[in-house]
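Structure, as structure tokens:
In UniProt numbering, the protein residues as written are 1 to 143.
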């Protein structure tokens, strides 16, 4: 979904089938330095729709959390904000049962230094999303 070209920061999503043949986000993995923060609302694969799993946050740390990384929980545990050392903010909120809405607010340190759905963040819409390739091909490069 997003990665910094020169710094160790990235956001990846994992999807589950929803609304027929669509794919909806239900796990967000955020890399900050040598650590990974996983926000998971998928739950077990066969969870009945009547039993919506709690959002679980798992930290995979190499020692202490990367300095400057801040994790905030709000809205009764249905939303999280992760601030990276660069000032980039990843906001994750539960929507539609188990699915997660993810918004990335780039910092000035990301200008012309990113790849992913946000493009290069360089004010050039021609290289956003898929940089001239077809969207399906672009999506496959992120698998």
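Yeah, the Cβ is synthetic: ideal placement off N, Cα and C, and Gly gets one too.
Among 126, 98 and 119, nearest to residue 17 - alpha-carbon criterion: Per the Cα distances, 98.
I need the straight-line Cα distance from residue 131 to residue 10, nearest angstrom please. For residue 131, the predicted structure reports a pLDDT of 45, less than 50, and the residue's modelled location is therefore unreliable. A value from the coordinates is still provided. Approximately 19 Å, taken between the alpha carbons.
From 91, 70, 68 and 54, residue whose alpha carbon lies closest to that of residue 77: Ranking 91, 70, 68 and 54 by Cα distance to residue 77 puts 54 first.
Would you identify the three-state DSSP class for residue 123, choosing helix, strand or coil? coil
Our contact map puts residue 88 next to residue 104 with C-beta atoms below 8 Å; I'd like the distance itself, whole angstroms only. 7 Å
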